[in-house]
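Colleague: Quick one: the structure is below, questions incoming.
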Amino acid sequence: MTDRMSVTAVTGGSRGIGAALSERLASEGHHILIGYQSDREAADAVADRVRSLGRNAVAAAVDVTDPESLDRFFEAGATLGALTGVVAAAGAVRAVGRLAELDPGEIARDLEVNLLGAVLTCRAAISQLERTRGCLVLLGSAASTLGSPGTYVHYAAAKAGTAALSVGLSKELAPLGIRVNCVEPGTVWTDFHLDPQRPAKVARSVPLGRAGEPKEIAGAIAWLLSEDAAYTTGATLRVAGGL
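Following my numbering, the numbering of the sequence shown begins with 52 at its first residue and continues without gaps.
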């Protein structure tokens, strides 16, 4: 934690890793702007937990594929103070299976949310973070190097793009004092999966023998947002149990 007030925006903050992160950051002194796609009730519940930890919270709807929606999202958090951090954690997969069998429209939507969404979130955040010399953390995936054959190779490709975006943008924004890093989770127990039991089914392929917990990913992101990581930019931190 720093002496300055920390205000962090988390897209995809109403569930899974984003929700766990919002609570972790609140416990470390951050006020939180919680972005959600459609589940206002879940976002409000996260906001209530943030407030119970003594921090302020605002929940706001956002479509990360829409630049105007992103602008409105960041404007909604203005009452919390100037943004010092942005975490691009929104993501989803509709198309699961072998590529030849997937619906092209669902593939396109997955690519839009997981790659274009990250690009546009970063674009909208730059002017906010320039004022505070803040930091960006992008949520990638271990799939970026594993490829996810037979499951969602298009999602893996999008997350490889997210990792590349982090590296390039870290160099582009370093003169502005903005740090940019990427965290790549492995399989984690969240409702991201269409098959709720997928984390258990893939556990045997993980060197540590289990799927991860959202709080374990949240801890890595929280470190990258902290002063302990003040000299860290352009890094990709794999948190995937050895994958």
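Note that CB positions come from ideal geometry on N, CA and C, so glycine has one too.
On the premise that G185 lies in contact with I229, defined as a C-beta separation below 8 Å, what is that separation, rounded to the nearest angstrom?
Modeller: Within the sequence shown, numbered from 1, the residue matching residue 229 stands at position 178. Within the sequence shown, numbered from 1, the residue matching residue 185 stands at position 134. Yes, I229 and G185 are in contact; Cβ-Cβ is about 6 Å, under 8 Å.
Colleague: When the Cα of E223 is compared with those of R174, E92, P258 and A208, which residue comes out closest?
Modeller: As a position in the sequence shown, residue 223 is number 172, starting the count at 1. Measuring from the Cα of E223, the nearest candidate turns out to be R174.
Colleague: If you follow the alpha helix (DSSP H) that T196 is part of, which residue opens it and which one closes it?
Modeller: Looking up residue 196 in the sequence shown gives position 145. Counting along the chain, the alpha helix (DSSP H) containing T196 begins and ends at A194 to L197.
Colleague: Using DSSP's beta-bridge definition, name the partner residues of S57.
Modeller: To locate residue 57, count along the sequence shown from 1; it is residue 6. According to DSSP, S57 bridges with H81.
Colleague: Just grab the DSSP bridge partners of L288 for me.
Modeller: Here residue 288 is taken as the residue at index 237 of the sequence shown, counted from 1. Bridge partners of L288: V234.
Colleague: According to the Cβ coordinates, are G80 and A60 closer than 8 Å?
Modeller: Mapped onto the sequence shown, residue 80 falls at position 29. Mapped onto the sequence shown, residue 60 falls at position 9. Cβ distance not < 8 Å, so G80 and A60 don't count as in contact.
Colleague: Report yes or no: do the region 183-201 and the region 245-258 share at least 3 C-beta pairs separated by less than 8 Å?
Modeller: Result no; under three Cβ-Cβ pairs closer than 8 Å.
Colleague: Under a three-way DSSP split, which group does G86 fall into?
Modeller: Along the sequence shown, read from residue 1 onward, the residue named residue 86 stands at position 35. Residue state, collapsed to three classes: strand.
Colleague: Under 8 Å, do R261 and G292 count as touching if we go by C-beta distance?
Modeller: The residue you call residue 261 lines up with position 210 of the sequence shown. The residue you call residue 292 lines up with position 241 of the sequence shown. In contact: R261 and G292 (Cβ atoms closer than 8 Å).
Colleague: Could you tell me the distance, in whole angstroms, from the CA atom of A176 to the CA atom of V239?
Modeller: Against the sequence shown, residue 176 aligns to sequence position 125. Against the sequence shown, residue 239 aligns to sequence position 188. Cα-Cα distance, rounded: 27 Å.
Colleague: Closest to R255 by C-alpha separation, out of G285, L294 and F243, would be which residue?
Modeller: Taking the first residue of the sequence shown as position 1, residue 255 is located at position 204. Cα-wise, what sits closest to R255 is L294.
Colleague: Under 8 Å between the Cβ atoms of G285 and S217?
Modeller: Here residue 285 refers to the residue found at position 234 when the sequence shown is read from its first residue. Here residue 217 refers to the residue found at position 166 when the sequence shown is read from its first residue. Yes, they are a contact pair.
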